[in-house]
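Protein chains in written order, with this note's numbering: chain A, 42 to 201; chain B, 154 to 770.
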Amino acid sequence: MAYNNDIDWEKIDDIIDEYSSDKESLLMILQDINELYNFVPPETIPVLAQKLNVPKSLIYSVATFYKTISLEPRGKYIVNVCTGTACHVRGAEKIIDAVQDNLQIDTGQTTQDGLFTLETVRCLGCCAAGPVFTVNKNMHGGLDRSSALNIIDDYKKNAS
Amino acid sequence: MVKFENKEALESYIQELQAKAQSPDRGLISLCSGPGCIIHNSDKIRDTLTEEMEKHGIADKYEIRLTGCHGYCEQGPIMVIDPGGIFYPKVELENIPQIVENTLVNNEPAEKLLFKDPATKKRVVKEEDVPFYKLQTRSIFGKNRLIDPNSIDSYLAVGGYQSLTKALFEMKPKEIIAEIKSANLRGRGGGGFPAAIKWDSCSRHKGAKYVICNADEGDPGAYMDRGLLEGNPHLIIEGMLIGAFAMGSHEGYVYVRHEYPLAVANLAKAIDHAKQYGLLGEDILGSGFDFDLHISKGGGAFVCGESTALMASLEGKPGRPRAKYIHTSEKGFRDSPSNLNNVETWANVPLIIDKGAQWYASMGTDYSKGTKIFSLVGKVVNTGLVEVPMGTTLREIIFDIGGGIPKKKQFKAVQTGGPSGGCIPEQFLDTPVDFDELTKLGSIMGSGGMIVMDQDTCMVDVARYFIEFLIDESCGQCNPCREGLKQMMAVLTRICEGNGKQGDIELLEELGTMMQKFSLCGLGTSAPNPVLTTILYFRDEYEAHIYDKKCPAGVCKPLFHYEIDEEACTGCTLCAKKCPQEAISGEKKEPHEIDQEKCIKCGICYDICKFDAVAIR
Numbered sequence: 042m043a044y045n046n047d048i049d050w051e052k053i054d055d056i057i058d059e060y061s062s063d064k065e066s067l068l069m070i071l072q073d074i075n076e077l078y079n080f081v082p083p084e085t086i087p088v089l090a091q092k093l094n095v096p097k098s099l100i101y102s103v104a105t106f107y108k109t110i111s112l113e114p115r116g117k118y119i120v121n122v123c124t125g126t127a128c129h130v131r132g133a134e135k136i137i138d139a140v141q142d143n144l145q146i147d148t149g150q151t152t153q154d155g156l157f158t159l160e161t162v163r164c165l166g167c168c169a170a171g172p173v174f175t176v177n178k179n180m181h182g183g184l185d186r187s188s189a190l191n192i193i194d195d196y197k198k199n200a201s
Numbered sequence: 154m155v156k157f158e159n160k161e162a163l164e165s166y167i168q169e170l171q172a173k174a175q176s177p178d179r180g181l182i183s184l185c186s187g188p189g190c191i192i193h194n195s196d197k198i199r200d201t202l203t204e205e206m207e208k209h210g211i212a213d214k215y216e217i218r219l220t221g222c223h224g225y226c227e228q229g230p231i232m233v234i235d236p237g238g239i240f241y242p243k244v245e246l247e248n249i250p251q252i253v254e255n256t257l258v259n260n261e262p263a264e265k266l267l268f269k270d271p272a273t274k275k276r277v278v279k280e281e282d283v284p285f286y287k288l289q290t291r292s293i294f295g296k297n298r299l300i301d302p303n304s305i306d307s308y309l310a311v312g313g314y315q316s317l318t319k320a321l322f323e324m325k326p327k328e329i330i331a332e333i334k335s336a337n338l339r340g341r342g343g344g345g346f347p348a349a350i351k352w353d354s355c356s357r358h359k360g361a362k363y364v365i366c367n368a369d370e371g372d373p374g375a376y377m378d379r380g381l382l383e384g385n386p387h388l389i390i391e392g393m394l395i396g397a398f399a400m401g402s403h404e405g406y407v408y409v410r411h412e413y414p415l416a417v418a419n420l421a422k423a424i425d426h427a428k429q430y431g432l433l434g435e436d437i438l439g440s441g442f443d444f445d446l447h448i449s450k451g452g453g454a455f456v457c458g459e460s461t462a463l464m465a466s467l468e469g470k471p472g473r474p475r476a477k478y479i480h481t482s483e484k485g486f487r488d489s490p491s492n493l494n495n496v497e498t499w500a501n502v503p504l505i506i507d508k509g510a511q512w513y514a515s516m517g518t519d520y521s522k523g524t525k526i527f528s529l530v531g532k533v534v535n536t537g538l539v540e541v542p543m544g545t546t547l548r549e550i551i552f553d554i555g556g557g558i559p560k561k562k563q564f565k566a567v568q569t570g571g572p573s574g575g576c577i578p579e580q581f582l583d584t585p586v587d588f589d590e591l592t593k594l595g596s597i598m599g600s601g602g603m604i605v606m607d608q609d610t611c612m613v614d615v616a617r618y619f620i621e622f623l624i625d626e627s628c629g630q631c632n633p634c635r636e637g638l639k640q641m642m643a644v645l646t647r648i649c650e651g652n653g654k655q656g657d658i659e660l661l662e663e664l665g666t667m668m669q670k671f672s673l674c675g676l677g678t679s680a681p682n683p684v685l686t687t688i689l690y691f692r693d694e695y696e697a698h699i700y701d702k703k704c705p706a707g708v709c710k711p712l713f714h715y716e717i718d719e720e721a722c723t724g725c726t727l728c729a730k731k732c733p734q735e736a737i738s739g740e741k742k743e744p745h746e747i748d749q750e751k752c753i754k755c756g757i758c759y760d761i762c763k764f765d766a767v768a769i770r
């Protein structure tokens, strides 16, 4: 879905309606669109500006200020490595290094096949299970280099 | 679901629920299903448990209740069986048949699955006797294990919403504020500002007013608010209702982190249920008081935990703080009088109304009353959420409750207060923890994050970690914070890479003082704390990096290498097998050697060696 630029405008309208076109709900509207496409397609921004009656600059400002919103297409699987303090002292950096080496991308990038995006998040609040990462909504804990890579491999196999 | 038109209708319903809950012929199996336990299959455990109970024909004898976090995350998933309060830690799917047969059918504990006290080596049957719980005072958090967060009835059955009825029908708004004042409830978000002063000020303003709950728990390593919102959402709703009634507000918002989807879901359901019961909405229980509550999801910005930034975010704007010469209680959200408190602060309110200020103020120190929930994480044996009276010492929390440092390593420091806090070394372990004592040490209590660090943690790297975090999170509108952090990062990076030079420590101190004095908001003024406290207490580590070009903890890669100690090495070959680079060689039962050219310093050999033969040089 990540590279599918055919936007389902009806769904976008539904999202806007759900928040009664309220401009105070801009961030949540962007989050819902982000969830739908794994990013906020820039084509939606002029439409949002018109429907919420706000300047486009405000939408870009909000979309770039908040980390949960991406204006770039992202992969089918978003690997989010927790870099909270507890995970950091338990070796989150080693997990990031391992995933980066394996996928041949840096943090924030997407693999060429559009399968994986690697991101970091500051604390998921499962500190007892650290180091932790999520792949989309699934959580994986107690990671070390090899278990992290096994999990990534499982997702690769699932996709092929 | 029925809407309760008045107090009496609700009370008689509660009596019914309580009678049912006390019925002797039905037991309760409470199973922790916070995210930490879900990782360990707690949802599958429920299914297997149901199947096993059906096999024995006892499915209707016990209620399985999926609850929020029980706090002892290290031992998750946790199961507690009533009557008896039998405590099973680290429950695995294959243990279920035994638990069902021994405990549910034959009414006796499954000995081998019970918790083993590491100090006495004896098995412990009851939850309350487990050392981790025994030393705590869980007046807020203890109810989590009795409550199904998706059932308002389970909250009502443990006395829920009775503080609300007391407040609405037996107290005047001014009396409520007076009660909060004599309890001396101070804000749990980190500031420690007396809640009653804000409430009082907000209550004096006219017109539309808002009450807001700050659930944007951004401190990395802190998750007590998540534990409360997920496990006991009605407690927060009740606290906000009481506060709103006291201040004359009719609309409230809970601003929750996007990273906590379960908290958002549980809270949304709780709000729905409260509306259906007539505990939210118009003319609540016939009192004439109206109150509506909404959820707003954050976008992963740490600065939005700052109250004015949070309100900007609620208004749909980027979360940039403003100067606070205009108080929020006068002009806050939508330029209207607003009152913002943190999740845990709101959670304290029903308790104070229920048991009274005197009871509440009997716990704690002179100026910090009640209990505090800490998120005890990092290099500590018992990771989890710990609730203790204010004034409990760091040593009691980390060593008596937390069980000390794993793998017999040395304690080095405890980081409190998240990125705005500091690192406290061993000589201050007997400090009682409250708002004022930790401030004296250059740290803060903050919202309750407590990250334990051992000998393998590099304090310069920790400082750099927090500064890197804060660079990402600074909103960028004021120079001292934006530029100060960047410069600090440049200095810390060169120190960690072995390029530190004389004067760097002093430069960091100068930058830090400037930021403390001139930044606009709390994020900026407290941002240098991690650097300044590590310099204050661990200056020798900075000096080792700069002058000796060594990282004593073995974290900063350019400043150390691993070597195998010939005398300690037994030639077990484990490290050679596990090395991803095939950099370790040697004959069996002979000392091994690391090829420094191939070594990537991943640390696997250091972590797995059972003979401490891999040394940091």
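Backbone N, C-alpha and C fix where the C-beta goes; we use that ideal spot for every residue, glycine too.
What is the DSSP secondary structure of A43 (chain A), counted as helix, strand or coil? Within the first sequence, residue 43 (chain A) is the residue found at index 2, counting from 1. Unreliable positioning characterises A43 (chain A) in this predicted model, as indicated by a pLDDT of 40, which lies under 50. A coordinate reading is not provided.
Counting only Cβ-Cβ distances shorter than 8 Å, please list the residues of the segment 517-545 of chain B near chain A, keeping chain order. Going along the segment 517-545 of chain B in chain order, one finds S528, V530, G531, K532, T536, G537 with a Cβ nearer than 8 Å to chain A.
Residues of the segment 220-234 of chain B in Cβ contact with chain A at a cutoff of 8 Å, in chain order, please. Going along the segment 220-234 of chain B in chain order, one finds C226, E227, G229 with a Cβ nearer than 8 Å to chain A.
So what does M603 (chain B) bridge to, in DSSP terms? As a position in the second sequence, residue 603 (chain B) is number 450, starting the count at 1. Note: M603 (chain B) sits in a beta bridge opposite B:L529, B:T569.
Could you check whether the Cβ of R186 (chain A) sits closer than 8 Å to any Cβ belonging to chain B? For this step, residue 186 (chain A) is matched to residue 145 along the first sequence. True, the Cβ-Cβ gap to chain B drops below 8 Å.
Assign M115 (chain B) to one of two classes, buried (16 or more other C-beta atoms within 10 Å of its C-beta) or exposed (fewer than that). Residue 115 (chain B) is absent from the model: chain B starts at 154 and stops at 770.
Test: L112 (chain A) CB closer than 8 Å to a CB of chain E: In the structure shown, chain E does not exist; the protein chains are A and B.
H411 (chain B) at chain A interface by Cβ criterion, 8 Å: In the second sequence, counting from the first residue as 1, residue 411 (chain B) sits at position 258. Judged by the 8 Å Cβ criterion, H411 (chain B) is in contact with chain A.
Let me check understanding here. Comparing Cα to Cα, which of B:K334, B:I167, B:D760, B:C728 lies closest to P559 (chain B)? Counting from one through the second sequence, the residue named residue 559 (chain B) turns up at place 406. When only C-alpha atoms are compared, the closest one is B:D760.
Using a C-beta to C-beta distance shorter than 8 Å, which residues of chain A count as neighbours of L467 (chain B)? For the purposes of this step, residue 467 (chain B) is taken as the residue at position 314 of the second sequence. In chain order: E65.
Of all Cβ atoms in chain A, is any one closer than 8 Å to the Cβ of K763 (chain B)? By 1-based counting over the second sequence, the position of residue 763 (chain B) is 610. Not an interface residue.
Any idea if H447 (chain B) is buried or exposed, counting beta-carbon neighbours within 10 angstroms, 16 or more meaning buried? As a position in the second sequence, residue 447 (chain B) is number 294, starting the count at 1. With fewer than 16 Cβ atoms within 10 Å of its Cβ, H447 (chain B) is classed as exposed.
Here's the rule: buried if 16 or more other CB atoms are within 10 angstroms of the residue's CB, otherwise exposed. What is N45 (chain A)? Taking the first sequence and counting its residues from 1, one reaches residue 45 (chain A) at position 4. Per-residue confidence for N45 (chain A) stands at a pLDDT of 46, beneath the threshold of 50, marking its modelled position as unreliable; no derived number is given.
What residue range is occupied by the uninterrupted alpha helix (DSSP H) comprising A90 (chain A)? Numbered from 1 along the first sequence, position 49 holds the residue referred to as residue 90 (chain A). Per DSSP, the continuous alpha helix (DSSP H) segment holding A90 (chain A) begins and ends at 85-93.
Would you decide whether G149 (chain A) is buried or exposed? Buried here means 16 or more other CB atoms lie within 10 Å of its CB. What you label residue 149 (chain A) is simply residue 108 of the first sequence in a count that begins at 1. Around the beta carbon of G149 (chain A), fewer than 16 other beta carbons sit within 10 angstroms, so the residue counts as exposed.
Kindly list, in the order they appear in chain A, the residues whose Cβ is closer than 8 Å to that of K450 (chain B). Residue mapping note: residue 450 (chain B) aligns to position 297 of the second sequence, counting from 1. For K450 (chain B), the chain A residues whose Cβ falls inside 8 Å of its Cβ are L68, M69, Q72, in order along the chain.
Chain-ordered chain A contacts of R379 (chain B) [CB-CB under 8 Å]: Counting from one through the second sequence, the residue named residue 379 (chain B) turns up at place 226. Within chain A, the residues placing a beta-carbon under 8 Å from that of R379 (chain B) are G166, ordered along the chain.
Note the first and the last residue of the continuous alpha helix (DSSP H) segment covering P542 (chain B). For the purposes of this step, residue 542 (chain B) is identified with residue 389 of the second sequence, where counting begins at 1. Segment 537-542 is the beta strand (DSSP E) holding P542 (chain B); no alpha helix (DSSP H) there.
Would you mind listing the alpha helix (DSSP H) stretches within the segment 666-722 of chain B that are 4+ residues and don't spill past its ends, in chain order? Unbroken alpha helix (DSSP H) runs of no fewer than 4 residues, entirely contained in the segment 666-722 of chain B, are found at 675-679, 682-699, following chain order.
Cβ-Cβ distance between A736 (chain B) and D748 (chain B) below 8 Å: Reading the second sequence from its first residue, position 583 is the one you call residue 736 (chain B). Reading the second sequence from its first residue, position 595 is the one you call residue 748 (chain B). Less than 8 Å divides the Cβ of A736 (chain B) from the Cβ of D748 (chain B).
Report the option in B:H403, B:D693, B:F294, B:E746 whose CA atom is closest to the CA atom of Y715 (chain B). Residue mapping note: residue 715 (chain B) aligns to position 562 of the second sequence, counting from 1. The shortest C-alpha separation from Y715 (chain B) is found at B:E746.
Check the Cβ-Cβ distances between G125 (chain A) and every residue of chain B, and say whether any is below 8 Å. The residue given as residue 125 (chain A) occupies position 84 in the first sequence. Yes, its Cβ sits closer than 8 Å to a Cβ of chain B.
Confirm, please, whether the CB-CB distance from G653 (chain B) to H698 (chain B) is below 8 Å. The count along the second sequence starts at 1 and reaches residue 698 (chain B) at position 545. The count along the second sequence starts at 1 and reaches residue 653 (chain B) at position 500. Yes; because the gap between Cβ atoms is below 8 Å, this pair is in contact.
Taking just the CA atoms, how far does K296 (chain B) sit from N303 (chain B)? As a first step, residue 303 (chain B) must be located in the second sequence, where it is residue number 150. As a first step, residue 296 (chain B) must be located in the second sequence, where it is residue number 143. About 14 Å.
Using the Cβ count rule (16 or more neighbours within 10 Å means buried), how would you classify F80 (chain A)? For the purposes of this step, residue 80 (chain A) is identified with residue 39 of the first sequence, where counting begins at 1. By the neighbour-count definition (other C-beta atoms within 10 Å, threshold 16), F80 (chain A) is a buried residue.
Residues near E540 (chain B) in its chain [Cβ-Cβ closer than 8 Å; skip 5 each side]: Translated into positions along the second sequence, residue 540 (chain B) becomes position 387. G224, Q289, T290, R291, S292, I293, F294, G295, T524, K525, I526, F527, listed in sequence order.
Would you check if the segment 158-168 of chain B and the segment 430-446 of chain B touch, i.e. whether three or more CB-CB distances between them fall below 8 Å? At 8 Å Cβ cutoff, the stretches touch.
Output, in sequence order along the chain, the residues in the segment 595-611 of chain B whose CB is closer than 7 Å to any CB in chain A. Listed by position, the residues of the segment 595-611 of chain B near chain A (Cβ gap below 7 Å) are I604, M606, T610.
Looking at C-alpha atoms only, which residue of B:K742, B:D701, B:G602, B:K703 is the closest neighbour of D825 (chain B)? No answer is possible for residue 825 (chain B): the residues shown for chain B start at 154 and end at 770.
My parser needs the beta strand (DSSP E) runs of 3 or more residues fully inside the segment 424-497 of chain B; what are they? As far as the segment 424-497 of chain B is concerned, its whole beta strand (DSSP E) runs of at least 3 residues are 445-450, 491-495.
Short check: CB of K362 (chain B) to CB of M400 (chain B), under 8 Å? Walking along the second sequence from the start, residue 362 (chain B) turns up at place 209. Walking along the second sequence from the start, residue 400 (chain B) turns up at place 247. The answer is yes: Cβ separation under 8 Å.
How would you write the range of the alpha helix (DSSP H) that V130 (chain A) sits in, first residue to last? For this step, residue 130 (chain A) is matched to residue 89 along the first sequence. Counting along the chain, the alpha helix (DSSP H) containing V130 (chain A) begins and ends at 126-130.
Less than 8 Å between the C-beta atoms of D507 (chain B) and K334 (chain B), yes or no? Position 354 of the second sequence, counted from the first residue, corresponds to residue 507 (chain B). Position 181 of the second sequence, counted from the first residue, corresponds to residue 334 (chain B). Taking 8 Å as the Cβ cut-off, D507 (chain B) and K334 (chain B) do not qualify as a contacting pair.
Express the C-alpha separation of E280 (chain B) and A566 (chain B) in angstroms, rounding to a whole number. To locate residue 566 (chain B), count along the second sequence from 1; it is residue 413. To locate residue 280 (chain B), count along the second sequence from 1; it is residue 127. C-alpha separation (whole angstroms): 30 Å.
When you check each C-beta in the segment 712-735 of chain B against every C-beta of chain A, which residues fall closer than 8 Å? Within the segment 712-735 of chain B, P733 place their CB atoms closer than 8 Å to a CB of chain A, listed in sequence order.
Does DSSP put L202 (chain B) in a helix, in a strand, or in coil? Counting from one through the second sequence, the residue named residue 202 (chain B) turns up at place 49. In this structure, DSSP gives L202 (chain B) a helical state, which the three-state scheme calls helix.
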